[in-house]
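In my numbering, the protein residues as written are 76 to 203.
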């Protein structure tokens, strides 16, 4: 998928802008305080994204493409309408993100990296 990076980046930026606009209408923090936090939080996003791109080059998209070419997977074994397959796939992926989050909380090494996310006392568009 040659445009994967651009699709992911555009999706991230679109959602970020939507949440920032929403937050701007109903701010929890003064914008002056928020602007001081943003450089570090967004730097963590960039570092995390680059590390994931380099450490896990195949990632979910690469695995999905491989499974698609090999016609491997549970949904290939069942005759279901495409819309239902999409819903089931999204629900399963969401569940796996939940499982990943539980693992990150349970494994001490992962928790040390993840606790930065929980150490943020104020929540705004840059927190996650």
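We put the CB at the ideal spot given by N, CA and C, even for glycine.
Quantities reported herein were computed from a predicted structural model and do not represent experimental measurements.
Run the CB neighbour count on residue 197, radius 10 Å, all protein chains shown included, and call it buried at 16 or more, exposed below. Counted from its first residue, the chain shown places residue 197 at position 122. Classification of residue 197: exposed, given that the 10 Å Cβ count is below 16.
Could you tell me the alpha carbon to alpha carbon distance between residue 171 and residue 188, rounded to whole angstroms? Here residue 171 refers to the residue found at position 96 when the chain shown is read from its first residue. Here residue 188 refers to the residue found at position 113 when the chain shown is read from its first residue. Between residue 171 and residue 188, the C-alpha separation is close to 19 Å.
Pick helix, strand or coil for residue 138, following the three-state DSSP scheme. Along the chain shown, one-based indexing puts residue 138 at 63. The answer is helix: DSSP assigns residue 138 an H, G or I state.
Pairwise C-alpha distance: residue 100 and residue 125: One-based indexing of the chain shown puts residue 125 at position 50. One-based indexing of the chain shown puts residue 100 at position 25. The straight-line gap from Cα to Cα measures roughly 31 Å.
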